[in-house]
Each structure stands twice: as structure tokens, then as C-alpha cells.
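Counting in the working numbering, the sequence shown runs from -6 upward without gaps. For glycine and all other residues, C-beta sits at the position ideal for the given N, C-alpha and C. This structure is a prediction, so every number in the text was calculated from the model and none was measured.
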Amino acid sequence: MTATGVVKRLDEVVDDFARRARFFREPMTPGRARTFVRQHRLNTRQRNSVLKLRVATNCPIWDLRVRIIAACAEEVIADHAHGGGRPHWQILEELGTRIGLGLDEIRAAEPLPSTLMCWHAWDGLMSNRHWLEGLVANTCAERANVPGYGTGIMKKHGWFGLERERWGKLFGLSNGELQFFGLHEKADIEHSDAGWRAVERFARELRMEDAVVAACERNLQVWEMYLNGIGEAGDRLG
Ligand SMILES: [Fe+2]
């Protein structure tokens, strides 16, 4: 992790998110895990087929624009590099069937009111915004999957490394069965490093250091709300 100037400030914002969000600090439960599958399948499709593409559309730097679209395609169409040619939401469906959910039940899920509210908030932070603030929005949540933020297992292996550990214990699943998390530990480090380096470079060139740090804070506040919503709905299931 580089630690100079704007990247240092962004890293501090991500670290604060990793340390404060209840979803990371409180125990994982079957209800929370099942709610995560149903909501996150929808969320990854919304983000990668709508929200992140708006950022690509606004981005005038051609190779960056193509890279954003390629990352979205891995998520929603086919990931040949890490996912055996499957999109990530499909790998998440497979995980859902291993923790007691039916495929039809996963696919019939509706977004929670809290999830919908977050989509509206992200829409405001990603659509009618400078593309560089949008790029921060695209990258900052994946950033928590990169080791080095927060404490304990999260600091060592990133957010999805933490989930791999917790879900493995809770449901007795092997690392192979938890591929959804394992693949992100690799894919997100690549995507996020490329994004973070681009943010650093353009924030300096465009003199937008304060704007990108503020964008990071606001986007992660929405992520915190999204995860709180999953936690609350999951607790109603037990
Ligand atoms: Fe993904």
C-alpha cells in the first residue's frame, strides 16, 4: 500500500469504515448471511450494470473508461480470470444454495427499502458527478477487500477474507465452497489497485484531492447503511 498524499488520506477513510461498521464488528449469523446473499446478488447487478457504467460514460480518459467496462463485464457477464467464466452474481447464487437457500428463493428476492435507498444515494454520488468522484465510488468499497484496513482477520485478509473465515465456521464450508469470497480477495486487489492509482494520479492533475477524499467518505457512509440494512433484516430471520 503506498502511503503518500491523497492515497494516505483515502486509506484513512477506508480504515475508519473497516473499524466502525457494525456488520464487520458484530458476529455473522445465518439470518445475516442469507440476507446478504439475497441483497448482494441484486446490489452487484445494480452497481455493475447501471451505476459503474454511468461513471464509465462520464470518464473522458479512454483506457480508463474501457477498464471500468471490462471490470463490470467480469462482474455481470463472465469472469474468465478468477471465476471460471461465470459472472460474480452467479457464484454468489451457488454460495446461497450451500447455506440453505433455494435458487428460486434467491432469484425472487426484492431489494430491501434500505438497499433501494442506497441505490438512490449512490445514483446521486455516481451519475451527475465529476467522473473522478465516480471513480472513487466505483473503487472504494472493493478497497475494504484489500488487506491492511481495520483490525484482526479483516486487517490480515480484507473484508471478504473475514467473511470466508466466518461463513466457513458457521456453515462448515470449505474454501472451495466459499469461492465467492476467495475470488474477490484476488480480483478486488487487482481492480482496486488500478483504480486507486488512477485516483491518485488524476486527483493531483485536476487538483481534486479534497473532493475525492469527501467522495470516499460519503460513499462508504452509504455502504455502512447498506450493510446495517442487511444486518437488521437478517436479525429478523434469526
Ligand atoms: Fe464481484
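- Collapsing the DSSP output to three states places residue 79 in a strand.
- In the DSSP assignment, residue 119 falls within the unbroken alpha helix (DSSP H) covering 106 to 119.
- Taking the Cα positions, residue 171 is about 7 Å away from residue 161.
- In terms of side-chain proximity, the C-beta atom of residue 37 is found nearer than 7 Å to a non-hydrogen atom of ligand 1.
- Residue 122 and residue 167 have their C-alpha atoms roughly 42 Å apart.
- The continuous alpha helix (DSSP H) containing residue 65 extends over residues 55 to 69.
- Checking the 7 Å criterion, the Cβ of residue 68 is within range of a heavy atom belonging to ligand 1.
- For residue 147, the enclosing alpha helix (DSSP H) has its first and last residue at 145 to 150.
- Between the alpha carbons of residue 92 and residue 169 lies a distance of about 14 Å.
- Non-local beta-carbon contacts of residue 6 in its own chain, meaning distances under 7 Å to residues more than five positions away in sequence, involve 206, 209, 210, 213 in chain order.
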